[in-house]
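Notes follow once the structure below has been shown.
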Amino acid sequence: QGMSQLHFYRFYLSLDFSEKHLDTCPFLNTHSDIRLIVLFVSGSLPSASSKVSINLRNDPIIQKYGSKKVGLTRCLLTKEEMKTFHFPLQGFPDCENFVLTKCNGSITDNSPLFGLDCEMCLTSKGRELTRISLVAEGGCCVMDELVKPDNKILDYLTSFSGMTKKILNPVTTKLKDVQRHLKALLPPDAVLVGHSLDLDLRALKMIHPYVIDTSLLYVREQGRRFKLKFLAKAILGKDIQCPDRLGHDATEDARTTLELARYFLKYGPRKIAELNLEALASHQELLAAGQDVLECLDLMGQKLLFLTREAETSELCSARNCQTIKCLSNKEVLEQARVEIPLFPFSIVQFSFEPFSPNLTEEMNKRMRIKWTEMSTIYAGPFSKNCNLRALKRLFKSFGPIRSMTLVLETHQPHLCIQYEVLEAAQLAIESLDGILVEGACIKVQRPVTELTLDCNTLVNELEQDSENRGTIYLSGVSETFKEHLLQQSNLFLGLEAVILPKDLKSGKQKRYCFLKFRTFGSAQRALDILKGKDWKLKGRHALTPRHLHAWLRGLPPESRRPPGVRVIPPPSEQQALQALKVDHPKIAAWRWGRKIGKLYHSLGPGTLCLILLPGTKSTHGSFSGLGLMGIKDEEESTTSNMCS
1 QGMSQLHFYR FYLSLDFSEK HLDTCPFLNT HSDIRLIVLF VSGSLPSASS KVSINLRNDP
61 IIQKYGSKKV GLTRCLLTKE EMKTFHFPLQ GFPDCENFVL TKCNGSITDN SPLFGLDCEM
121 CLTSKGRELT RISLVAEGGC CVMDELVKPD NKILDYLTSF SGMTKKILNP VTTKLKDVQR
181 HLKALLPPDA VLVGHSLDLD LRALKMIHPY VIDTSLLYVR EQGRRFKLKF LAKAILGKDI
241 QCPDRLGHDA TEDARTTLEL ARYFLKYGPR KIAELNLEAL ASHQELLAAG QDVLECLDLM
301 GQKLLFLTRE AETSELCSAR NCQTIKCLSN KEVLEQARVE IPLFPFSIVQ FSFEPFSPNL
361 TEEMNKRMRI KWTEMSTIYA GPFSKNCNLR ALKRLFKSFG PIRSMTLVLE THQPHLCIQY
421 EVLEAAQLAI ESLDGILVEG ACIKVQRPVT ELTLDCNTLV NELEQDSENR GTIYLSGVSE
481 TFKEHLLQQS NLFLGLEAVI LPKDLKSGKQ KRYCFLKFRT FGSAQRALDI LKGKDWKLKG
541 RHALTPRHLH AWLRGLPPES RRPPGVRVIP PPSEQQALQA LKVDHPKIAA WRWGRKIGKL
601 YHSLGPGTLC LILLPGTKST HGSFSGLGLM GIKDEEESTT SNMCS
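Be aware that the sequence shown starts at 1, since it is given in full-length UniProt numbering, and climbs by one per residue.
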């Protein structure tokens with residue numbers, strides 16, 4: 001329930017405070033007295049006992065495997081998945097010296113499983129193997145070897161590996177000995193099971209075609225992975241990797257992965273989905289984070305302030321060094337926060353609003369996908385009937401990657417409809433080509449005019465001023481050697497902080513556009529002028545899409561533009577129009593909580609680190625990820641807000 005990343009983007013223009021003052025990754029300034037305020041907007045802190053209404057069909061495990069039991073072969077990673085998750089594969093440049101296990105037999109649902117776990121240390125050449133454990137079905141350990149790395153050890157990583165200088169000094173076994181032994185042990189149809197198995201195989205410098213990775217088998221939302229320690233407790237009810245031991249026990253971990261794979265095969269995806277692992281993991285992570293904060297404050301003899309409404313419950317309330325104040329309304333929460341926050345070093349303020357209905361949220365999600373598609377689409381024309389389409393495609397492609405280009409013949413003279421992959425490309429094409437002569441005709445370049453794009457110019461202007469975009473530029477036409485040339489002439493690009501080079505997900509090839517992040521707007525502007533000049537001949541402009549929005553859009557299913565045609569919609573009655581403007585309208589609700597946060601932020605003293613958390617939503621219609629925004633109140637903002645008040 002409550003606010004999510006989707007709501008932030010949908011009501012972006014209503015939340016002008018957030019994007020002007022807060023970043024996703026700010027620099028700490030020189031204030032010595034920094035207070036921290038965390039704002040939870042809508043939705044309480046989850047507890048283990050809370051019942052989350054979920055539709056099993058939306059569980060990522062059900063979506064991948066279905067609800068019925070599956071055989072062993074269905075759990076194997078495909079070659080494409082192994083490539084995506086960086087498993088060593090034959091023929092890849094970084095695996096030239098890797099050894100094949102020679103397991104090339106026919107795999108069936110009765111093929112033998114072997115649990116594998118490796119421990120590593122850090123050497124002058126990177127991570128190298130120090131221990132390998134191989135466990136056969138039934139839990140019998142068939143191989144447990146210590147390995148002496150070939151290169152100088154810089155860090156034994158004892159807290160993870162359990163290795164020390166004393167343990168490894170007498171060891172004479174080398175990597176090649178382990179490789180030979182493992183090849184001899186494994187039958188032709190052996191299936192290796194492990195947790196983040198790609199790392200183990202890379203440490204072994206071996207290639208094996210048949211693998212089950214329990215960190216991917218137990219699928220988690222948003223591409224995240226469950227830890228082995230968590231799965232062992234949640235699924236098998238056993239404790240591993242206990243803090244009182246020196247490092248991890250490789251044999252225990254290998255045996256655990258084998259048991260997890262067998263559990264999945266025995267009980268099936270539906271049983272796993274019913275355990276609601278995501279809610280359990282989120283609860284444990286929040287609890288651990290909360291305990292860490294409380295312990296730190298306790299050591300300093302300080303208390304945490306927790307401001308919330310009376311209807312909300314939280315385990316924080318029972319903490320010994322947590323001062324909880326419960327209020328009757330959000331207005332009272334705001335008033336109390338302004339008074340109490342200066343008295344505490346760490347404050348959590350929880351505003352709670354009525355959640356939007358799941359149907360409304362799902363519709364909002366769909367409309368956002370359409371809106372972004374339409375904002376990234378342009379119409380250009382008119383062109384002559386004998387226009388050179390190949391030359392026109394080259395021209396429009398020079399502004400950025402094209403998703404589709406369609407010739408429109410419904411008009412008296414031909415027009416083109418171009419849908420770009422990124423908003424910056426569409427905006428750059430409009431700014432560069434609108435009103436100029438192309439193929440002997442003066443063309444008009446514009447976005448489609450729909451109810452979703454009417455405020456497009458306003459939105460583009462606001463996005464340009466977004467705190468995360470101010471020092472970022474977009475460039476089109478970059479080559480594979482662009483980064484190398486850029487770094488060679490780094491003296492021309494002072495303040496450069498990051499080079500973001502997107503890659504094609506299927507081919508892995510670098511795309512012909514990029515983003516450059518600079519420390520200041522001035523540095524970004526100077527770099528843009530140079531890169532658009534005669535020496536570089538690139539096309540570009542200031543960025544419009546924050547990195548977190550790029551990531552969010554990549555996770556959305558593609559949404560085509562609405563089908564053409566005339567839709568006759570009767571005009572709303574006066575009563576309906578007034579109803580839409582009532583205070584319970586979603587936009588009004590979003591504006592209302594944005595205003596409360598703005599007021600609270602302006603009342604804070606300089607040096608206050610402010611973290612806003614939109615926790616996301618979960619319902620029978622699916623889940624929507626949350627978003628965090630962060631900023632430090634500086635002296636200038638404090639002075640301005642004092643003058644305004």
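For every residue, glycine included, the Cβ atom is placed at its ideal position computed from N, Cα and C.
Checklist entry - For Asp59, does the count of other Cβ atoms within 10 angstroms reach 16, so buried, or fall short, so exposed? => result buried
Checklist entry - Using DSSP with H/G/I as helix, E/B as strand and the rest coil, what is Val566? => result Its pLDDT being 37, under 50, Val566 is placed unreliably in this model, and the coordinates cannot settle the point.
Item to check | Bridge-paired residues (DSSP) for Glu128 | outcome: Cys121
Next on the checklist: If contacts are defined as beta-carbon pairs under 8 angstroms, then Ala543 and Tyr474 qualify, I think. What distance do you get, rounded to the angstrom?
Outcome noted: Going by Cβ atoms, the distance from Ala543 to Tyr474 rounds to 5 angstroms, so yes, they are a contact pair.
Checklist entry - Does DSSP classify Lys539 as helix, strand or coil? => result Under the three-state reduction of DSSP output, Lys539 falls in the strand class.
Checklist entry - Residue range of the alpha helix (DSSP H) that Val445 falls in? => result Looking at the DSSP string, Val445 is not in any alpha helix (DSSP H); the run it does join, the beta strand (DSSP E), is Lys444 to Gln446.
Next on the checklist: Residues in the same chain with beta-carbon distance under 7 angstroms from Arg220, minus the five sequence neighbours each way, listed in chain order, please.
Outcome noted: Pro60, Phe226 and Glu278
Checklist entry - Where does the unbroken beta strand (DSSP E) through Leu416 begin, and where does it stop? => result His415 to Tyr420
Item to check | Alpha carbon of Ser352 to alpha carbon of Asn330, nearest angstrom | outcome: 7 angstroms
Item to check | Spatially closest choice to Glu137 from Phe98, Ala261, Leu129 and Arg74, by CA coordinates | outcome: Ala261
Checklist entry - For Thr406, does the three-state DSSP call read helix, strand or coil? => result strand
Item to check | Contained beta strand (DSSP E) runs [length at least 3] in the region 485-552, N- to C-terminal order | outcome: 496-500, 513-518 and 539-542
Checklist entry - Among Val142, Leu204 and Val339, which one has its Cα closest to the Cα of Leu185? => result Val142
Next on the checklist: Please state the DSSP three-state secondary structure of Phe482.
Outcome noted: helix
Next on the checklist: Taking the alpha helix (DSSP H) that Met82 belongs to, which residues open and close that run?
Outcome noted: Lys79 to Thr84
Next on the checklist: Looking at the secondary structure, which residues open and close the beta strand (DSSP E) in which Gly631 lies?
Outcome noted: Leu627 to Ile632
Checklist entry - Gly126: buried (16+ other C-beta within 10 angstroms of its C-beta) or exposed? => result exposed
Checklist entry - Which of helix, strand or coil does DSSP assign to Tyr263? => result helix
Checklist entry - From this set, Gly495, Lys503, Leu613 and Lys64, which residue's C-alpha is nearest Pro269's C-alpha? => result When each option's Cα is compared against that of Pro269, the closest is Lys64.
Checklist entry - Where does Gln489 land, buried or exposed, given buried means 16+ other C-beta within 10 angstroms? => result So Gln489 counts as exposed.
Checklist entry - What are the boundary residues of the alpha helix (DSSP H) that Phe230 is part of? => result Leu228 to Leu231
Checklist entry - For Val478, does the count of other Cβ atoms within 10 angstroms reach 16, so buried, or fall short, so exposed? => result buried
Checklist entry - Taking three-plus beta-carbon pairs below 8 angstroms as touching, is the region 138-157 in contact with the region 227-245? => result Counting Cβ pairs under 8 angstroms, fewer than three are found: no touch.
Checklist entry - Are the region 383-403 and the region 436-456 in contact at 8 angstroms, needing three or more beta carbon pairs? => result yes
Checklist entry - Looking only at C-alpha atoms, which of Ala281, Leu113, Asp253 and Thr453 sits nearest to Leu72? => result Ranking the options by Cα distance to Leu72, first place goes to Leu113.
Checklist entry - Pairing CB atoms from the region 98-117 with CB atoms from the region 200-211, are three or more of them under 8 angstroms? => result yes
Item to check | Close Cβ partners of Leu423 (< 7 angstroms) along its chain, the five nearest in sequence each way excluded | outcome: Met375, Ser376, Leu544 and Thr545
Checklist entry - Considering Cys103, what are the terminal residues of the beta strand (DSSP E) in which it resides? => result From DSSP, Cys103 is part of no beta strand (DSSP E); its letter is neither H nor E.
Next on the checklist: Would Met405 and Cys417 qualify as a contact pair, given that the criterion is a beta-carbon distance under 9 angstroms?
Outcome noted: yes
Checklist entry - Helix, strand or coil: which one does DSSP assign to Phe8? => result helix
Checklist entry - Cα separation between Leu182 and Leu129? => result 14 angstroms
Checklist entry - By Cβ distance, which residues of its chain are closer than 8 angstroms to Leu236, with the 5 residues on each side in sequence left out? => result Thr256, Glu259, Leu260 and Tyr263
Checklist entry - Whose C-beta lies closer than 6 angstroms to the C-beta of Leu146 among residues of the same chain, with five residues either side of it excluded? => result Arg131 and Val171
Item to check | Euclidean distance between Cα positions of Leu609 and Leu494 | outcome: 28 angstroms
Checklist entry - For the alpha helix (DSSP H) that contains Cys75, what are its first and last residues? => result Start and end: Leu72 to Cys75.
Next on the checklist: Suppose the cutoff is 6 angstroms on Cβ atoms and the five residues either side in sequence are ignored; what does the same chain contact list for Glu274 look like?
Outcome noted: For Glu274, where only same-chain residues beyond five positions count, there are no Cβ hits under 6 angstroms.
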